[in-house]
Ligand SMILES: [Fe+2]
Ligand SMILES: [Fe+2]
């Protein structure tokens, strides 16, 4: 299902949306800067092999297109205000330009790996929902969480296509390594550079320690799943979904293209207990 969510862009200041944890905001902004380069790349990789008869695959492409469209809009103010963001944007374009020279099979394997990393990012984010997003501007946080929630929803689509293309399957090991270096490396370096250039609060060593701690805790989430994904009988559908995001997505209203803000969602529904457990 494609959700073209209408966000209140007047309420979103992408340069300073996380008031309590600007270091978290810097890492998330690095991810955002990469999306308008990474997601068109993975869409093209899937489209190359797509025969147009799979509705779920078409919906996947539409969801990813909606994601990078929203991130492009989010990034506009960021790149206008920050030279570091502009440099990172150029690096992202260059990296995916280079990856575009690889074979279509490698690109498809990369796309499957990208989806695993995206799923793990969602799982990690939900494990600390209130800790990570509680002090943030709720509209901006909703943008990131909507994207992550849809990554959970469509986690197996690219894997299924890759399983039908033996040359892509064979390249998965290398692709997942490259995907980790590109995605996690860019997020780590980009987040550090954006935070370092963000002003006085970057002088607080506690914030840097927190950044390192998040990196370690994310590694504990992503690495075991990457290891699992190397097995021949692995399928993303075997991964247990974090519960809150899926129930929140059900609050999308297609008549108005709106979804309840993340901090107002599910509190009166049976998902409330899951929400609290995730906090
Ligand atoms: Fe996406
Ligand atoms: Fe995705």
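Numbering (our numbering), first residue to last: 214 to 492.
Backbone N, C-alpha and C define an ideal beta-carbon position, used for all residues, glycine too.
Measure the CB-CB distance between residue 332 and residue 255 and report whether it falls below 9 Å. no
Nearer than 8 Å: is that true of the beta carbon of residue 214 relative to any heavy atom of ligand 1? no
Boundaries (first-last residue) of the alpha helix (DSSP H) holding residue 426: 418 to 442
Does DSSP put residue 229 in a helix, in a strand, or in coil? coil
Using a Cβ-based criterion (distance less than 8 Å to any ligand heavy atom), does residue 318 qualify as near ligand 1? no
Check each candidate in 303, 244, 265 and name the one with the smallest Cα separation from residue 284. 244
Buried or exposed, going by whether 16 or more other CB atoms sit within 10 Å of the CB of residue 219? exposed
With a threshold of 16 other CB atoms inside 10 Å of the CB of residue 305, please say whether the residue is buried or exposed. buried
State yes or no: is the C-beta of residue 371 within less than 9 Å of the C-beta of residue 318? no
Cβ shell of residue 476 (< 7 Å), same chain only, five flanking positions each side left out: 351
Below 8 Å on the Cβ atoms is my contact criterion, and I expect residue 374 with residue 287 to pass it. Report the Cβ-Cβ distance as a whole number of Å. Not quite, the Cβ-Cβ distance comes to about 28 Å (not below 8 Å), so this is no contact.
Whose CA, out of 388, 335, 380, lies closest to the CA of residue 362? 335
What I want to know is whether the C-beta of residue 360 ends up closer than 8 Å to one or more non-hydrogen atoms of ligand 1. yes
Would you kindly check if the distance between the Cβ of residue 414 and the Cβ of residue 249 is under 9 Å? no
For ligand 2, any of its heavy atoms closer than 8 Å to the Cβ of residue 441? no
Using DSSP with H/G/I as helix, E/B as strand and the rest coil, what is residue 400? helix
Please identify the residue among 247, 252, 277 whose C-alpha is closest to the C-alpha of residue 366. 277
Continuous alpha helix (DSSP H) assignments of at least 4 residues falling wholly in the stretch 364 to 391: 370 to 376, 379 to 383
With a threshold of 8 Å (Cβ to nearest heavy atom), would residue 331 be considered close to ligand 3? The model depicted lacks ligand 3 and carries ligand 1 and ligand 2 instead.
Within the same chain, show all residues whose beta-carbon is closer than 6 Å to that of residue 449, passing over the 5 residues directly before and after it, in chain order. 368, 369, 372
With contact counted as at least three CB pairs below 8 Å, one residue from each stretch, are the stretch 402 to 410 and the stretch 340 to 347 in contact? no
Specify the secondary structure class of residue 320 as computed by DSSP and reduced to three states. helix
Between which two residues does the alpha helix (DSSP H) containing residue 495 stretch? The question about residue 495 has no answer, for the chain in this structure spans 214 to 492.
Euclidean distance between Cα positions of residue 461 and residue 379: 36 Å
Assign residue 355 to one of two classes, buried (16 or more other C-beta atoms within 10 Å of its C-beta) or exposed (fewer than that). buried
Buried or exposed for residue 242, please, with buried defined as at least 16 other CB atoms from any protein chain shown within 10 angstroms of its CB. buried
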